[in-house]
Ligand code: CTP
Ligand code: MG
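So, in structure tokens, the structure goes:
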């Protein structure tokens, strides 16, 4: 199943104060055009197939400016809409038919708060075989029918009543034929796609929408949306991109003449066995650094099966991880290692170890920490069968790490 997306954005927004303020989908909320919010949410959803945005022929420049800062906006197909929403959807469906899609989600550009929870619920109903799916929320206000005399004529029972939202979603071929049939019969009065589906006899399944998924309709909606975004938790892109990674490693002890930990050789009646110089502390820290940018682990970069790393100083691995972090825009803020070993004593070597880390990572000594503990004679560490290390690294990234 491939879910194509049609976002209709060709309206004039008359109720929201167009033409003076321009169409509502290009107005800024939380520092960004409404349509940029909407598009970003679909572009970031893992099940989005081809995306079509239906714009007004007068809005080409507005659309280009509004989406200039939107990552991956280049993969969006645009087409021109018509004088009614129904006509705009029809044009969007036609444009989508040229792309690979079996199903379609039809969404209002003026609903920028659509969240992935709603999209997942709608998609799950399509997965379950529904021909049509409508996200909606139960009506909570008491409903009255008023008359032209200004008086209440009746109270309408609200049980079973829902407020329809978008994205309304369908089998692409079915909704397309329903739209074609409506167009052929000059039925142009449908305000949403579920009503066209109902009219064409397609079953439409209700799924839970979201109270946040409002349609910006009048000026006040736009002002409130702007307030909400400006006062609430700042969006991820304006926060410092601080990331933490952890790493764990363990190596076996075997009879020998000493161990290398954080690049310091410590004479001992055992040595650590394994890959390279078996510096368990640097290996754990290498993994912690790689973890901050999702760059895999030490084994991906330096396979243990590769003979060239035999006996190699582990400084090479740590250097490499730090280089990857820097290439992806990261600044290493600190590195912290805990060694878990019954022996040898780490404290006398701690300053030298910290110095080695500071040199390799290119950061100050106070940002490098090495600690050690015994395992109170318990388990494999307690029986002196091996030494373990846990590491944490914090990196601040600028820009995108992908
Ligand atoms: N829409 C469209 N083409 C139209 C009319 C509407 O693509 N001819 C889109 C709007 O851009 C909006 C969605 O359909 O994203 C929902 O419509 P509505 O809220 O009614 O928007 P407008 O028609 O722009 O507003 P108004 O009715 O106040 O003029
Ligand atoms: Mg309208």
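In this note's numbering, the protein residues as written are 3 to 404.
Glycine included, each C-beta is placed from N, C-alpha and C at the ideal position.
Which of helix, strand or coil DSSP assigns to residue i
i, result
"residue 90", "helix"
"residue 353", "helix"
"residue 358", "helix"
"residue 115", "coil"
"residue 378", "coil"
"residue 403", "A caution first: residue 403 carries a pLDDT of 42, below 50, which makes its placement in the model too unreliable to give a value."
"residue 22", "coil"
"residue 338", "strand"
"residue 251", "strand"
"residue 244", "strand"
"residue 343", "coil"
"residue 161", "coil"
"residue 187", "coil"
Beta bridge counterpart(s) of residue i as assigned by DSSP
i, result
"residue 170", "108"
"residue 215", "Residue 215 is not bridged to any residue."
"residue 6", "106"
"residue 208", "136"
"residue 30", "35"
"residue 273", "256"
"residue 144", "Its beta-bridge partners do not exist; DSSP assigns none."
"residue 424", "Lying before the first or after the last residue shown, residue 424 is absent from the chain, which here runs from 3 to 404."
Chain-order list of residues whose beta-carbon lies under 6 Å from that of residue i (same chain, five-residue window excluded)
i, result
"residue 57", "11, 12, 65 and 80"
"residue 15", "25 and 26"
"residue 315", "279"
"residue 244", "398"
"residue 37", "11, 27, 68 and 111"
"residue 348", "341 and 374"
"residue 41", "72"
"residue 332", "397 and 399"
Chain-order list of residues whose beta-carbon lies under 8 Å from that of residue i (same chain, five-residue window excluded)
i, result
"residue 213", "139"
"residue 196", "134, 136, 166, 170 and 206"
"residue 384", "344, 376, 377 and 378"
"residue 223", "18, 216 and 217"
"residue 163", "140, 141 and 145"
"residue 392", "248, 249, 250, 286, 339, 340 and 342"
"residue 33", "231 and 232"
Cβ shell of residue i (< 7 Å), same chain only, five flanking positions each side left out
i, result
"residue 260", "267, 268, 269, 270 and 273"
"residue 362", "317, 320, 321 and 324"
"residue 375", "340 and 342"
"residue 304", "311 and 319"
"residue 221", "18 and 19"
"residue 181", "91, 92, 95 and 198"
Any non-hydrogen atom of the ligand SAM closer than 7 Å to residue i Cβ
i, result
"residue 257", "By its list of ligands, the structure shown excludes the ligand SAM, since it contains just the ligand CTP and the ligand MG."
Residue-level contact to chain B via CB, residue i, 8 Å cutoff
i, result
"residue 302", "The chain labelled as chain B is not found in the depicted structure, where only one protein chain is given."
Q: Please specify which runs of the alpha helix (DSSP H), each continuous and at least 4 residues long, are wholly inside the segment 279-322, giving them in chain order.
A: List check, alpha helix (DSSP H) in window: 282-293 and 300-303.
Under 7 Å from any heavy atom of the ligand CTP, by CB: list those residues in chain order, please. 10, 11, 12, 13, 14, 15, 16, 17, 18, 20, 25, 26, 27, 56, 83, 84, 85, 86, 87, 89, 90, 110, 111, 112, 217 and 219
So within the segment 44-87, which uninterrupted beta strand (DSSP E) runs reach at least 3 residues, ignoring any that extend past its ends? 50-57 and 78-82
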